[in-house]
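Following: one structure in structure tokens, then a few remarks.
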């Protein structure tokens, strides 16, 4: 399961956002709250909701979990109106920068506009500098503010034209939702890197990052918003436009592996079923002579079930997770810091002792967590430890909205599989192949010339220009923006 | 898994406490923090630690999770010393009564004493009134303070004698840890209703509710403290006494079913293995003609694995849990309140649709949660729903430290199994038998005259007098004490 | 004394801001903190400081008193650099709008600029709308942000030209301070409605609203910044420019009566001495046959001393003030609310009983406070109560940075002096004349054609256009801006 | 005025408490809140109120000013009932020890009792140890808890007897108020060191430390409770008892000089009038050849008015006070710390420059504040500075409820008047004589054998035994108790 990464560990990847929008329901803000709650796995640091009540835009932005902040009666009562958008966010900076919490809002001469997006604009910094030269004053370091200023300064006459004019200048990945005083807007970048679905609740339109956000409010799944599609929803219904040139879908395959919730369905594929099938493929590609299959909880569970099924081995909870880690657990002393990962996990010695164990995890990033997990399993008496990974080696950083370490810190960039096996001290280590992963996701195989998915983190093939990060320097943008002095 | 009940739902049972003590380690308070963290499933409301630094006793008590409170550097730095005890607590009152947070401390004429316990004294109210007549002034409504006043007013000369003199007057369940300026003390009531184990870390002595608290700090499990045993630890080593008459062990069998962590080992039995074995027994006693086995997460998982194994059916995560519920999720509006349990769970429609599903849960208390879960699974398209419960019907409240509803609210007290099946709307409902449960826990069968475990919640046979609650009125004690006017 | 209005009472006037700037001192932020502390009487709701450390701008904005917020070590340590500006603010909205807390900052294409001002721009709304049409996105409702956008969009080449270009478009009152990465800037509107002085501390330049902010840090008073003067300070020294046409000084005469601190010196006049002299003039213009003179504390004290001296009557503290009112005293019940003003004041019955009392206060706004004070003095047994007011009747609202009620709520707008005397139930009521006030402030008399001061609140003669409030509708601007949806 | 010491400076004396009680009014808690607000000058750290609503005792204790804490609607709504007592406290420890905040409450076998006192028991430590030997468990270090345990353990049959039995064992100063489920109780120690008055509000009985607490609620002053008197108020009326032997009144004369509010009347004397009269006497005893009289605000004002009147010199506010010091002003850096007292005061240079100034202050404790004030006045250009003090030299610490430094730190203990003048750098220094002070307080002169007041701080003649501090070691008690480990 992808849920549950309550701590910011060094060694996990983090999705940066989930978005939600609703048009035409009296409980718009409350339903947005629930939708964001079900998207909490896409960002736990802060959230925001903007509603429009027919006269005014209303905004609330809070740090912390939706269930702790937006469920307060006074918060919801301030968010009146039948139309709302919301955003949940994983902060890349770690700072408490409330000014970066979406949705963003601007009052243009022609009326207000609020917008939130999931993804990352790879030429935002370049555009930002151009806008500053024209007199724009930025109040955040967020990509999203760039979109607002482009609209504000567009020479087009009508809002939709200004919006399209602006979005066409963007490179990168963006699934965005927005509201004006008349409309709900949704748009997915031409490659459709991030997900966005359309739903229906008793006639109200809904846009959401994943189908689990439809389920929680009992809404009906209608269809995925298409790559490059712009939908504009108002009292007359829904209008679909395809204003961008597109070279075909490149959905992020890692959403299947880790980010999306297992109960979500994307492009017709059950995320849980893909994950389990990865385990089946993995058992075939990388079998192990062992006594039992143990998932690294919680994200390794579906693949482990599939592996156990494929390999004909028992599935056991050989690692027990402590769900009460809290949000700020600081390891209390230096000597205790060495105890490592046990704050969150404990080996289930009674099941492991003397056994040959297959450990199944979703991915290896830096390798430090794997190292600790393996050590813990060995300390509990495992006779052998065979690690199987439900994704190919992660060799390149993501520039499309996922918080990955720099290339040099990725274990698979630095080492061969054999070296990695030695580093994390396992008896054998196996990754699923790229083709195996594509098969689990329903393809016959990977199309090397024009892959069906974005798999840049595994292949290094980026589907867009990386304007702000030319030379591969991922840190440049962050460094340039980090020092912008702002209001909290 | 028993972890994870982050919300106070109506329909779960709650353990009230976990205890931890350590003697002879320079990081005493930090290790106590970790020990309590691993016992967090036994109480999430508040925690306290008292240390002794050779000169003074130091105390900290905080509301909230250990990982959010006791890991602050300044908190730990105030808890100096090589000896400490700690307590984690589930509040029965719901009020913010910090004065009830353990450990309790008293400065007697002969020196200070801090004490914490897990359990419930069933004649505490009677003793309290006697002590008040002698001039004792109470500052809390806690059982634990009764123990302190008994010691203070004992006519015995030495501390150990005063302590034994006091403990002999107690009825009920108590596993306690205490420190004086010289000693670490541990004691388990004569029936050993609640767990307490002894561990060793490089020569330091440790007492803890469960072995998972030894694992987290890398301590070695030595043995269980025996029912009715008093251990006194000081620089000369450990001294064991058996000051009570005892009629044999009556350990709480529900610790195996739900309370204890699955990675703990109690009296030589792996909790995980017992739970899985309950599933195996249940598949034998109450088979179902179905397509797949789905656990109600997280506590139903081990029994579901056992059931699937026993029944030869696939095990699938047909219900997905949202781990980000937060601590205070308030359902935002009336209309939304009817959506019910989906805040925490969602059905995995892709796996369930059209299938005959066996749902495995640990217990049914009021039945309201089961009702919602079943409805959710039906809404996701299950063809049939067969519920299997890993414990016998819960018919009587607990008076030994578990927060159960009054008898009248227990579904199994009000209804037959058929009526319950109809109430929660399942195609079939099956509970494990008492004998089946005892078999899973390693006994040949239940000894009806003198059961090997306390199973009062399933059998109504209470192993001690219930002095304060004669007439079965569980509320009396609470009502009498609740209004004690006190300082927060 | 003007200090001490710790409560937001209905019946006081509130200055909206104090500003401070310093260039060339290693303790820049700490000295700014002290300067703002001494200007706290000009605004108690929130404060902000921006420093520049040679590389970056640093900002802190906090609600509450300087002494409670900016003196935290971590706050000051973040404000590194040898150059800083600060602002203390009285919130007109009462809302918790941190985004309106100054200084404001913008990063222009050519570098950053932070600015804070005291006063009110009377055509800010008109300019704001023009800027929005050009694509500016506003993040606050503050006048100050208008200045930033004008600079950002100016077509001039150099910063100073862009600044002057922008300031020339402003109507109203503004005493502003700003910093760039090279300079400290100070400017006073052409009429010099609000004060601004220049000081020196061991070679460091200081700008401040009042001289008391120089005193607190031991700085030397150099001179007042002149009406319409722009000073630009950098490493080469101070440069003075007069970029505006000006029709002569119109300093706010109410600063002498009430706002400024009595220990400040403005345009060469001691505020305390002016206030005392008002009392002397008042005793001459409006004598009273009485036994003793009692100030309404604390703002009436200097005039009361002057009155007592002028009238040859004893000065006595016949009303005692409770300094511990706190910031949020809510009168606890309806029945108690009727007790009124006694939370803050009590009559000193022993001195008042049976006596003919002259009460001296600074002004009457709505009259409700005067009513309560008089009643309290009568209840304490005063034989007669003669009220003397150290300013002329307040008949018109202020549009230059003072929070006055709408015209209709001003007692002197609604009633003659006789009616007012009857309303507040005094035996006699006397105000100083406009000429008397001008004499106390050092003038021979008021020049009716071109008054030497801004006395619009007493005369209705406004020295500038009131573009945003044409038709005298003071509320228009507030209403239009209040609903701007924004981030806190 | 004695109000206004919002900061805990080294160099002021602090009263430790004010008490209030009311019997027979539906707004009992709200009126207690107002009463405590008017007694805030007697303690600003924390406050508590206990009410009895006919069935239960209700308690609230909060840190901070009454106006910020007890005026919250929910706080008052919890304090239902027609009978209440309250206490406001200056913390001697500086720690955040909520367990020491009064009133204290105990549930005896016969019913509850809440009590609060102003003063200090000089044999509390001795009694505490005796009680601990009998089995009492203490939860605070407060004297007040000693009283509760004495009552709990008394062998007498009825509550009044148990109370009297207990109070007779006390040495020291105490003005206490208490409530049982039937009665309101007031008692003053045999010497009447601390004040306590009886009032009436429409038939409701009131007890309060000072008459200003009657004024604020419009209650009528009835009489002072007599030294050694116990009053018991219930539905049948008021009963007065004199259960102690007494050797005559020894009221604290420093209450007149500094502690009490100037608008209070004690034993028939207006505090303001006594203070002013001290100034008149001082001008006679210690005249000065000067140009003007300047009070050290605010406590020196009444004596300065008297001095000016007596000496025929003008009274001027030559020092201006900043009322916005906040509660936690930390001087930001070392270099700035040297600026000293100016955070709170500034010299009014325009009035002082070139003048011969008489400064009037209430007392000199360590002398550090005087030193800074004098320096500030000199820096502002005063030609001569003559300091006149409205009390005799303070040579001995107080053991009766006032927080004084140890003897060695008292300037007047260490130096002659000439040395003190040199230390604080004045041209002349004069204190009122003990006889002068007694004259101002209405006596012909001081009776050396049996002084009419407690003036131990000026004379060293303590009116009671100092059991806990034998050997003059004031710190002993604090040291012994400080380490009691407790709950916050």
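Chains as they are written, first to last, in my numbering: chain Y, 1 to 488; chain Z, 489 to 976; chain U, 977 to 1464; chain W, 1465 to 1952. Yeah, the Cβ is synthetic: ideal placement off N, Cα and C, and Gly gets one too. Nothing here was measured: the structure is a model prediction, and the numbers come from that model.
Is residue 571(Z) helix, strand or coil when you go by DSSP? If DSSP states are grouped into helix, strand and coil, residue 571(Z) belongs with the strands.
(Q) I'd like the span of the alpha helix (DSSP H) that includes residue 770(Z), first residue to last. (A) Element bounds for residue 770(Z): 759 to 773.
### Query
chain Z partners of residue 265(Y), CB-CB under 7 angstroms?
838
**Item:** residue 835(Z) in three-state terms, based on DSSP
**Value:** strand
- In or out: residue 74(Y) buried (at least 16 other Cβ within 10 Å) or exposed? exposed
I'd like to know whether the C-beta atoms of residue 808(Z) and residue 263(Y) end up nearer to each other than 7 angstroms. Against a cut-off of 7 angstroms, the Cβ pair of residue 263(Y) and residue 808(Z) comes out as a contact.
For this session: Under 7 angstroms Cβ to Cβ from residue 1071(U), same chain only, skipping five residues before and after it: list those, please.
Result: Note that residue 1071(U) scores a pLDDT of 40, beneath 50, so its modelled location is shaky; the value from the coordinates is reported in the next line. Cβ neighbours of residue 1071(U) beyond the five flanking positions: none.
Using the beta-carbon count (16 or more within 10 Å), is residue 1874(W) buried or exposed?
buried
Which one of 1101(U), 1422(U), 1140(U), 1123(U) has the shortest CA to CA distance from residue 1442(U)?
-> 1101(U)
If the cut is a Cβ gap below 7 angstroms, which residues of chain B does residue 1333(U) touch?
Any reference to chain B falls outside this structure, whose protein chains are Y, Z, U and W.
Comparing the C-beta of residue 570(Z) with each C-beta of chain Y, is any distance below 7 angstroms?
no
(message) Quick check: the Cα distance between residue 1565(W) and residue 647(Z), rounded to an integer number of angstroms?
(response) 32 angstroms
For residue 24(Y) and residue 82(Y), which I take to be in contact (beta-carbon distance under 8 angstroms), what is that distance rounded to the nearest angstrom?
6 angstroms
Exposed unless 16 or more other CB atoms sit within 10 angstroms - verdict on residue 1426(W):
Residue 1426(W) is absent from the structure shown; chain W starts at 1465 and stops at 1952.
### Task
Pull out every residue of the region 1166 to 1193 of chain U whose Cβ sits closer than 8 angstroms to any Cβ of chain W, in chain order.
1188, 1191, 1192, 1193
Inset, instruction - State the Cα-Cα distance for the pair residue 532(Z) and residue 721(Z), rounded to the nearest angstrom. - result: 29 angstroms
Taking the alpha helix (DSSP H) that residue 1429(W) falls in, what are its first and last residues? Since the first and last residues shown for chain W are 1465 and 1952, residue 1429(W) lies out of range.
Original post:
For residue 239(Y), which beta-bridge partners are listed by DSSP?
Top reply: 232(Y)
* **Own chain, CB closer than 7 angstroms to residue 1243(U), minus 5 neighbours either side, in chain order** => 1200, 1227
field: Buried versus exposed, by CB contacts within 10 Å (16 or more), residue 1069(U)
entry: Legend: pLDDT at residue 1069(U) = 42, less than 50; position of this residue unreliable, no value from coordinates given.
**Cβ contact (3+ pairs, closer than 8 angstroms) linking the region 1643 to 1650 of chain W and the region 1568 to 1583 of chain W** = yes
- Query: Using a C-beta to C-beta distance shorter than 8 angstroms, which residues of chain Y count as neighbours of residue 1124(U)?
  - Reply: 137
How about residue 63(Y): is its C-beta nearer than 7 angstroms to some C-beta of chain U?
No, because no Cβ of chain U sits closer than 7 angstroms to the Cβ of residue 63(Y).
| query | Are the beta-carbon atoms belonging to residue 1220(U) and residue 1204(U) less than 7 angstroms from one another? | reply | yes
query = Buried or exposed: where does residue 1699(W) fall if 16 or more other Cβ atoms within 10 Å of its Cβ makes it buried?
reply = exposed
Worksheet item: Starting from residue 561(Z) and walking both ways along the alpha helix (DSSP H), at which residues does that stretch end?
Response: 561 to 566
What does the alpha-carbon distance come out to for the pair residue 1780(W) and residue 1845(W)? 15 angstroms
Residues in the same chain with beta-carbon distance under 6 angstroms from residue 523(Z), minus the five sequence neighbours each way, listed in chain order, please.
508, 696, 701
| query | Terminal residues of the continuous beta strand (DSSP E) containing residue 17(Y)? | reply | 17 to 23
Taking the straight line between their C-alpha atoms, what separation do you get for residue 692(Z) and residue 551(Z)? Roughly 28 angstroms separates the two Cα atoms.
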